[in-house]
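Please read the structure below before turning to the comments.
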Amino acid sequence: MMTSLEHPGYPQDGLLRLEEKLLCRESQVSLLLSLFGELPHALVSCVECFTSRMLFEHILNKLQSYVTSSEISQSLYISCDSFSDFVRLFKQLISHQDLKNQTVYIVLDKAEQLREMEANLLPGFLRLQEMTDANVTVIFLTEIVWEKLHPNMGCFEPLILYFPDYSKVELQKILSHDHPSEYSAEFYAAYINILLGVFYTVCRDLKELKHLAAINFAKFCEPVTKGEATESDTRKLWKNIEPHLKTAMQTVYLREISSSQWEKLQQEDREAGQLKGLSAYAHVELPYYSKFLLIAGYLASYNPARTDRRFFVKHHGKIKKTKFLKKHEKTNNHLLGPKPFPLDRLLAIFYSIVDSRIAPTANIFSQISSLVTLQLLTLVGHDDQLNGPKYKCAVSLDFIRAVARTVSFDLIRYLYDFL
Amino acid sequence: MTTESVSKGCFVFKPSTKKKKMTFTAADYFGEHVKDSKDSKVRFETYQTLWQQMKSEAEKIQEDLNRKVFDSLLEFIRKSHSNLLEKMDEWRHRMRATEIPAAALVLGVNVPDHAMTFQILSEQLRESVTPYVVSLEAKECQGVKHILQKVFGQLLGHSIRLEADDETDVQPHPAELRQKKMLCSLASLADWYTSVKRKTVSVMPGKKRSSPTAGHLQTPPVVIIFKDLESFHAKVLQDFIVICSQYVNQLPFTLIFGIATSSMTIHKTLPHSVSSLLCIELFQSVSCTEHLAAVIDKLVLTHSFPFRLNGKMLQVLITVFLYHDFSVRNFIKGLQLCIVEHFYSQPLSILCCSLDEAENRTKNLTHEKCEMIRQLPSFMRYVENQEPEKQVELLTSDTFLKKEIKTLLRHLHNYHENYIPVLRCLHALTTSLPKFPLGKQIRELHSACLERNVWESEEYTSAFQLLRMMAKDELVAALQKCCDVLKTSRVKQQADTLTKVEEFIDQLQKLDKIVEDETVAQKSLQKKTDLYQLQKTLLEMKDSRKSKKLSKFETLRLEVLDFIDSIVRMHLKPPEVMPLYEVVYFSGASTLRKHLNAAPRIALHTALNNPYYYLENEALKSEAGTISNSAPDICIAYKLHLECGRLINLCDWLEAFATVVAAASGVDPESDLVAGQVDETIHARFIRAVSELEFLGFVKPTKQKTDHVARLTWGGC
Chain A
14 MMTSLEHPGY PQDGLLRLEE KLLCRESQVS LLLSLFGELP HALVSCVECF
64 TSRMLFEHIL NKLQSYVTSS EISQSLYISC DSFSDFVRLF KQLISHQDLK
114 NQTVYIVLDK AEQLREMEAN LLPGFLRLQE MTDANVTVIF LTEIVWEKLH
164 PNMGCFEPLI LYFPDYSKVE LQKILSHDHP SEYSAEFYAA YINILLGVFY
214 TVCRDLKELK HLAAINFAKF CEPVTKGEAT ESDTRKLWKN IEPHLKTAMQ
264 TVYLREISSS QWEKLQQEDR EAGQLKGLSA YAHVELPYYS KFLLIAGYLA
314 SYNPARTDRR FFVKHHGKIK KTKFLKKHEK TNNHLLGPKP FPLDRLLAIF
364 YSIVDSRIAP TANIFSQISS LVTLQLLTLV GHDDQLNGPK YKCAVSLDFI
414 RAVARTVSFD LIRYLYDFL
Chain B
31 MTTESVSKGC FVFKPSTKKK KMTFTAADYF GEHVKDSKDS KVRFETYQTL
81 WQQMKSEAEK IQEDLNRKVF DSLLEFIRKS HSNLLEKMDE WRHRMRATEI
131 PAAALVLGVN VPDHAMTFQI LSEQLRESVT PYVVSLEAKE CQGVKHILQK
181 VFGQLLGHSI RLEADDETDV QPHPAELRQK KMLCSLASLA DWYTSVKRKT
231 VSVMPGKKRS SPTAGHLQTP PVVIIFKDLE SFHAKVLQDF IVICSQYVNQ
281 LPFTLIFGIA TSSMTIHKTL PHSVSSLLCI ELFQSVSCTE HLAAVIDKLV
331 LTHSFPFRLN GKMLQVLITV FLYHDFSVRN FIKGLQLCIV EHFYSQPLSI
381 LCCSLDEAEN RTKNLTHEKC EMIRQLPSFM RYVENQEPEK QVELLTSDTF
431 LKKEIKTLLR HLHNYHENYI PVLRCLHALT TSLPKFPLGK QIRELHSACL
481 ERNVWESEEY TSAFQLLRMM AKDELVAALQ KCCDVLKTSR VKQQADTLTK
531 VEEFIDQLQK LDKIVEDETV AQKSLQKKTD LYQLQKTLLE MKDSRKSKKL
581 SKFETLRLEV LDFIDSIVRM HLKPPEVMPL YEVVYFSGAS TLRKHLNAAP
631 RIALHTALNN PYYYLENEAL KSEAGTISNS APDICIAYKL HLECGRLINL
681 CDWLEAFATV VAAASGVDPE SDLVAGQVDE TIHARFIRAV SELEFLGFVK
731 PTKQKTDHVA RLTWGGC
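In structure tokens, the structure reads:
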């Protein structure tokens, strides 16, 4: 597996430095090296450059900075609107003395974004060499497979270089590489081993793991600094850190509490339970009628419309569950998710579940739209608000039960699924 | 117009500036229907000064309430980046990911109030932390592009303003403007930030006058406020955060998410890959009910403002708050409406001002005003209870009346001064009772007192029953609270009450010794081991307790409660018993309800069903249920459509319409209808009426059946 980094065209020490920087990527790097020459390049994030114009200008201006000749004044900003312009300007740039005999690289990060931009971008970049008739390499970086990126027509197949996931061993190696100067490498490696044991199942993101390692290390060292254990006393250290890491997984990893709050907790040596996380405040206080509107919305979303008679008309007669409904309505509505309902049905249910008589004032209607802005109800489909709008209820059963409890409304009795 | 020109042509004439447009100010509208315009002007001014005071008070309340959460938020923003910058070289900070500091500010569902909160927040930020504050609203940010444009606009706009202030560079920086026009990318923003930073650092030392940047940090963070997180497109927000995280080292971003529902929204909108870029801390603002309580406490339950609400009005305002919107801002607006309406509709409101001022104004009352006062129901009741001679004097002599008014106004004022501390005392005593018979909030007790004699209500009796069972330390604690309340009021009568209450507390505490003696007696009882003996003594004790007079504590307790009851009866009378209460109490509940609870459907139905109601044209008067043929076409069409089911046959509708209309014009309808032909004008009128109804949202075309329209409303209205 471990191929050492070697390439005839490059000086040995430079390669060694590179190898240090990019652990466990030797084979990929050497392959890339064999393709690349020196590196006049433009690195562009396609998330950041969300229009083609920004993309072009970013690339051109970046390349311009490699041109040192006095012909072009450095400060002049190149603007570029279309792909043909881009090709023209690119050719001009390339023809300069500094870039003439070199390969120019354009690296497009998060290339999957290109699919959502103009249709000619992806095929255009794929054929850039052909169009500009220049020595240019375009590299797409993406997290999805090429087949999903594949445009329909007119493109060259790129050379696909696959970066496999880091294995656990590799992660261990990378993470333990940069250890703090106060502690020995073995000590830190042992720590990383424990950390990976907890987090490897949920997280493989190197950056995130690095971050977690950094913010929890102080706790790991605590017994050593206090003199309760030596660096080699692995078992004791493990016992100390393991529950701590598990709470970290439930709190700071999910961003329930922020990293800085987490660190503060460690310094003050308190339990994480004392600090309430983001999810602790799930309770939402609503005006009285809004609660009933939301309940009505929930009932309308999860009950078949045909059953409304049964729930909201006083003398409805007996309707048996099995005979009465079509087959597809027999499946649990809560498994199928909320269904859209018209405004009229919402109001009809609302008026039948609220005890007092209320006039249909503007206050009631505006509460419906408030619920929509709060994302508790969602407007479905067309934008035509005037003509019988349809809504869906976007809250969970637990949430609505909590709301119903505050107005002492027996929700379950009105839900078809729980009959 | 004439010109001196000899040639033909077009000439532009600017309107002469002399002719002033008649613009109405609010004050002019105030006196519209009143003959006595000077009087109405005074009333308007009184209203304005009163409202200004109340408004500034309300603002102060909000500021005070928000102070705590704002202080911690500002502290967080101040620290967020300086922490990172200081320890840049440490191993730990090298290893950890650079997260964007973010504050989740949970504000509650009262969205109308948020605008004010954010305004104060950004002002405070600008003042003390950073000049770079951007606030974004979801409806302006449909895409990342729009967000960036907004950010650019607000940041660069600000810096241009700053430069203009400094007069070092009055012309807006050409490069900056060009950037603004050309492309709004964060790369250029980062360049801008570094250039600005360099500039301020170089300018700082030589500065003489205190600049607004005095309290700012060396590298002021760029604060971006998302006012309504729920409404933002998830994708847009995610992209923006991803972009920001790439620049966070050059541009110290800090995000503030304004959240209306709950902090869970963050997890709903942002996937882990994005939320792991943030360092989120939670800040919870004061709940709206707390805010309302504070507002009522400072604006309604105080005698510093002469204007008062009666029970019904308060009920209407609180109902709107609790049942509909939770918005304190709307509550205050409603209060303002009450005040305007009071000063507008009640001519005697001229006396609704501070006591001294009112006495002054009483002197200048005209004869008509005096007559008005004589006709006030409360005053008439008062007169009836007077001696016959005095009655005559009151009804005939204006000067005597004015004198009397002065004393009555003083009484009213004293009543208010006493009312509030006693109310607070009663509240302090009853809040700790189980099940809150007199209400948990003081506002409930207040409206109960406003409506009738509170001591006659069942709740009051049950509350006092519970109070009579109160344990000693509870009672002492409650009385202590009363003392605190009474100490704050400076009315003379209350000083007496205070000394009395303090005496009671003293006596209660002295009881301790006596109680101890009793327990000693009980302890001696425990020594006896003989079962028979024990039973006997217990029985004896039981008997003695039954027959025994109340213990000292119990008698004292009764005494205390009787005292409280007496002061309640004395001071918590409903305002209606006070003569001249109409001057300061606003009582147009129906007007207020009409203004606050707009009912568009009902209004529309009334307009179409009974056009006379709005048009007031005698010809349109008709009995209920009939269709007047002289009504506007749309009314006829509307009434006919009320009789139909969910689908309406257009042809039948047209025929019915033609029949009604033809009856109006006096043409024999049969002659036309026999031929199956309808007059073209009538046809056109019908089509217009139907399309108007469609525009109003009553019917819509349907594909279910040809020649039919669907009815969109149900029920009567």
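Chains as they are written, first to last, in my numbering: chain A, 14 to 432; chain B, 31 to 747. Where a beta carbon is used, it is the ideal one built from N, C-alpha and C, also for glycine.
In the DSSP assignment, Leu121 (chain A) falls within the unbroken beta strand (DSSP E) covering 117–122. Cβ neighbours of Leu139 (chain A) within its own chain (closer than 6 Å, five residues either side excluded): Cys168, Phe169. Residues of chain A with a Cβ closer than 7 Å to the Cβ of Ala290 (chain B) are, in chain order, Leu387. When DSSP states are grouped into helix, strand and coil, Phe687 (chain B) belongs to the helix group. Residue-level contact check: Pro136 (chain A) does not touch chain B, since none of the beta carbons of chain B fall below 7 Å from its beta carbon.
Between Tyr315 (chain A) and chain B, the shortest Cβ-Cβ separation is not below 7 Å.
Boundaries for Ile666 (chain B): no beta strand (DSSP E) harbours it, while the alpha helix (DSSP H) harbouring it runs 663–672, taken from the DSSP string. Two segments are said to touch when three or more pairs of C-beta atoms, one from each, lie closer than 8 Å; by this definition the segment 306–316 of chain A touches the segment 415–427 of chain A.
A straight line joining the alpha-carbon of Phe725 (chain B) with that of Pro731 (chain B) spans about 11 Å. Around Leu638 (chain B), the same chain offers Cys665, Tyr668 as residues with beta carbons nearer than 6 Å, after the five sequence neighbours per side are excluded. The alpha-carbon of Leu222 (chain A) is positioned some 8 Å away from that of Phe212 (chain A).
Here Glu281 (chain A) is exposed. Its C-beta has fewer than 16 other C-beta atoms within 10 Å.
Judged by beta-carbon spacing, Leu468 (chain B) lies within the 7 Å limit of Glu489 (chain B), meaning their Cβ atoms are closer than that value. Around the beta carbon of Gln539 (chain B), fewer than 16 other beta carbons lie within 10 angstroms, which makes this residue exposed.
Collapsing the DSSP output to three states places Glu311 (chain B) in a strand.
At least 7 Å separates the beta-carbon of Val690 (chain B) from that of Asn640 (chain B). In this chain, the beta strand (DSSP E) harbouring Val136 (chain B) covers 130–136. Inter-residue distance for Glu131 (chain A) and Ser65 (chain A) is about 7 Å (C-alpha atoms, whole angstroms). Here Tyr429 (chain A) has Asn316, Thr320 as same chain residues with Cβ atoms under 6 Å from its own Cβ, once five neighbours each way along the sequence are excluded. Taking a cut-off of 8 Å on C-beta distances, the segment 93–108 of chain B does not touch the segment 403–414 of chain B, as fewer than three cross pairs fall below it.
Residue range 65–77 is occupied by the alpha helix (DSSP H) that includes Phe69 (chain A). Secondary structure remark: continuous alpha helix (DSSP H) runs of at least 4 residues inside the segment 382–453 of chain B, in chain order: 385–393, 397–405, 407–414, 418–426. Close partners of Ala478 (chain B) in chain A (Cβ separation under 9 Å) are lacking, with about 20 Å as the shortest Cβ gap.
If you check each beta-carbon in the segment 369–388 of chain A against every beta-carbon of chain B, the ones closer than 7 Å belong to Ala372, Pro373, Thr374, Ala375, Asn376, Gln380, Ser383, Thr386, Leu387, Gln388. Taking a Cβ-Cβ cut-off of 7 Å, the neighbours of Leu299 (chain A) in chain B comprise Val139, given in sequence order. Sequence-distant partners of Val420 (chain A) (beyond 5 residues in either direction) whose C-beta falls short of 6 Å from its own C-beta, in its chain, are Lys304. In this structure, the straight-line span from the alpha carbon of Ala375 (chain A) to that of Val515 (chain B) is close to 41 Å. The segment 88–99 of chain B makes no contact with the segment 392–408 of chain B; the number of CB pairs closer than 8 Å stays below 3. The beta carbons of Pro355 (chain A) and Lys405 (chain A) sit no closer together than 7 Å. In the structure shown, His738 (chain B) falls within a strand segment according to DSSP collapsed to helix, strand and coil.
Excluding sequence positions up to five before and after Ile150 (chain B), its CB lies within less than 8 Å of the CB of Gln92, Glu93, Asn96, Phe100, all in the same chain and listed in chain order.
At the C-beta level, Ser165 (chain B) and Lys257 (chain B) come within 7 Å of one another. For the pair Glu129 (chain A) and Thr155 (chain A), the CB atoms are not nearer than the 7 Å cut-off.
A Cβ-Cβ separation of about 7 Å places Gln380 (chain A) in contact with Pro300 (chain A) under the 8 Å criterion.
Listed along chain B are Ser292, each with a C-beta nearer than 8 Å to that of His296 (chain A). The DSSP-derived three-state label of Ala525 (chain B) is helix.
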